[in-house]
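Chemist: One structure, pasted below without further comment.
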Amino acid sequence: MDSIIFDLDGTIWDPIDTVLEAWNSRVKEHDQITKELTRTDFEGTMGLQMDDISKKLFPYLTEEVRGHVITECLNTEQGYLKKRGGTLFPNVEDVLSKLSKKYELYIVSNCQDGYIESFYEFHNLDNYFGDFENPGRTGLSKGENINLIIERNNLSNPVYIGDTEGDLNAARYAGIPFIYAKYGFGQVSEYDEVIEKFDELLNLF
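Using the working numbering, the first residue of the sequence shown is number 5, and each one after it goes up by one.
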């Protein structure tokens, strides 16, 4: 193994409380949206691309209105994340520091352009990662973005770590081993390795 590619939400951090506050600050301005979003609402969207998230959260809105609302929410979200960040899982920085001495580290997440940069900016963890990718920049699926990272960085034997069935499917699409972050937001049908907490990665590698 020469490298580790990470999912972000539910694997490295939990951003939901910050994102929830940002989104609710905007949705309350729209009369067509009759209730605030909850943490449970967001937990049910983890691993999905933004178009699927918008349909799941606001199925009663027209496509045009939904697109407008989502754009407002995402723009607000980035400002909140840059100022407040999210909640890192225990010992994340220590583990990343140790892993980065032996392996190349990367992030592939189903997020909008600028989201990973906001994560980097608040938590100052960008120095541990060599590259990242997301559909907000490429318009591609998570599996295709994993392949972009592999090709762009000439990786020969990477693994992918994530917490949802979508992460499993992306790793299988890319033809690389999948490590299940069981402490995250989702459940998966199979995996090659499993960790109950982030620092168990040091036992695997």
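Using N, Cα and C, we set each Cβ at its ideal position, and we do this for glycine too.
(1) Hey, quick one: how far does the alpha helix (DSSP H) through V112 stretch, first residue to last?
(2) Verify whether the separation of the beta carbon atoms of N151 and P139 is less than 8 Å.
(3) What are the boundary residues of the alpha helix (DSSP H) that S101 is part of?
(4) Buried or exposed for N128, going by 16 or more other Cβ atoms inside 10 Å?
(5) Which runs of the beta strand (DSSP E) at least 3 residues long sit entirely within the segment 114-157? Give them in chain order.
(6) Of the residues I16, C77, Y124, which one's Cα is nearest the Cα of L92?
(7) Between the beta-carbon of E137 and the beta-carbon of I153, is there less than 8 Å?
(8) Which residues in the same chain as L206 place their Cβ atom closer than 8 Å to its Cβ, once the five residues preceding and following it in sequence are excluded?
(9) According to DSSP, what are the bridge partners of S7?
(10) Below 8 Å on the Cβ atoms is my guess for G188 versus D167; work out the distance and round it to an integer in Å.
(11) Between N79, T66, G51, which lies nearest to N28 when the distance is taken from Cα to Cα?
(12) Output the distance between the C-alpha atoms of S160 and D35, rounded to the nearest integer angstrom.
(13) By Cβ distance, which residues of its chain are closer than 7 Å to L41, with the 5 residues on each side in sequence left out?
Modeler: According to the data block:
(1) First-last for V112: 108-112, but that is the beta strand (DSSP E), not the alpha helix (DSSP H).
(2) no
(3) 96-104
(4) exposed
(5) 135-137
(6) I16
(7) Taking 8 Å as the Cβ cut-off, E137 and I153 qualify as a contacting pair.
(8) Hits under 8 Å: V99, K102, L103.
(9) E108, P162
(10) 3 Å
(11) It is N79.
(12) 52 Å
(13) L24, W27, N28, V31, L61
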